[in-house]
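Numbering (our numbering), first residue to last: 1143 to 1347.
Written as structure tokens, this is what we have:
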């Protein structure tokens, strides 16, 4: 399973956006893109560069590789409605994102790892593919064997330490260790610091 293993803090500095909770502290001390001579390379960004950086920011926020993201954008473009909002909805409906949004992981990377290790069951079947797309009515349950682990036995503390807000399309139960998909994500419930129109324009070139 291909994945991006480059340092998340370095990625965050490059995009000027905290892609992981631990990146906030580092970015408070170090501003600008990484690299010994990075300061001399910064100038007024062209429209293309602005579009590219927005695309990279969103791709890295959700943990997708370039081909995965391009395929998702192509699908979003051919769906009814606004392509940008369609793209964000498809990203939000990924299994690893839902685990993160439910508060069962402190970051999307952590959620991806939990899913990859097979700790969850989707509609009664064990799954280990983070990119699985969810739909209304889906039920996610932590495997009984995994529920006995140290991590999931303290899941209420994990949830308390996350900053997730209640979502209209997702309902989690830390007592029963379940996550229910009750609808479709709204644009207002996706990441707010995203200009999806720039991404649409990037792929429309």
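For every residue, glycine included, the Cβ atom is placed at its ideal position computed from N, Cα and C.
- Residue 1280 and residue 1263 have their C-alpha atoms some 10 Å from each other.
- Rounded to whole angstroms, residue 1314 and residue 1207 show a C-alpha spacing of 28 Å.
- Counting only runs of 4+ residues, the alpha helix (DSSP H) found wholly inside the segment 1212-1263 occupies 1225-1234, 1237-1243 and 1250-1258, in chain order.
- The beta carbon of residue 1272 sits closer than 8 Å to the beta carbons of 1205, 1236, 1237, 1238, 1253, 1254, 1257 and 1258 from its chain, once the five residues preceding and following it are set aside; these are given in chain order.
- Collapsing the DSSP output to three states places residue 1346 in coil.
- Secondary structure note for residue 1199: its alpha helix (DSSP H) is the uninterrupted segment 1189-1204.
- Setting aside the 5 residues that flank it on each side, residue 1241 is surrounded in the same chain by 1247, 1253, 1256, 1257, 1262, 1282 and 1321, each with a C-beta closer than 8 Å to its C-beta; the list follows chain order.
- For residue 1313, the enclosing beta strand (DSSP E) has its first and last residue at 1312-1315.
- Between the segment 1222-1237 and the segment 1321-1338 there are three or more inter-stretch CB-CB distances shorter than 8 Å, so the stretches are counted as touching.
- Between the beta-carbon of residue 1243 and that of residue 1296 there is about 19 Å, and that puts the pair past the 8 Å contact cut.
- In the DSSP annotation of this structure, the continuous segment of the beta strand (DSSP E) that includes residue 1282 starts and ends at 1281-1284.
- The straight-line gap separating the alpha-carbon atoms of residue 1316 and residue 1298 is approximately 6 Å.
- Around the beta-carbon of residue 1250, 16 or more other beta-carbon atoms lie within 10 Å, marking it buried.
- Membership of residue 1322 in the beta strand (DSSP E) is indicated by the continuous run 1320-1323.
- Cβ neighbours of residue 1211 within its own chain (closer than 7 Å, five residues either side excluded): 1201.
- For residue 1301, DSSP assigns no beta-bridge partner whatsoever.
- No Cβ-Cβ contact shorter than 8 Å links residue 1341 with residue 1214.
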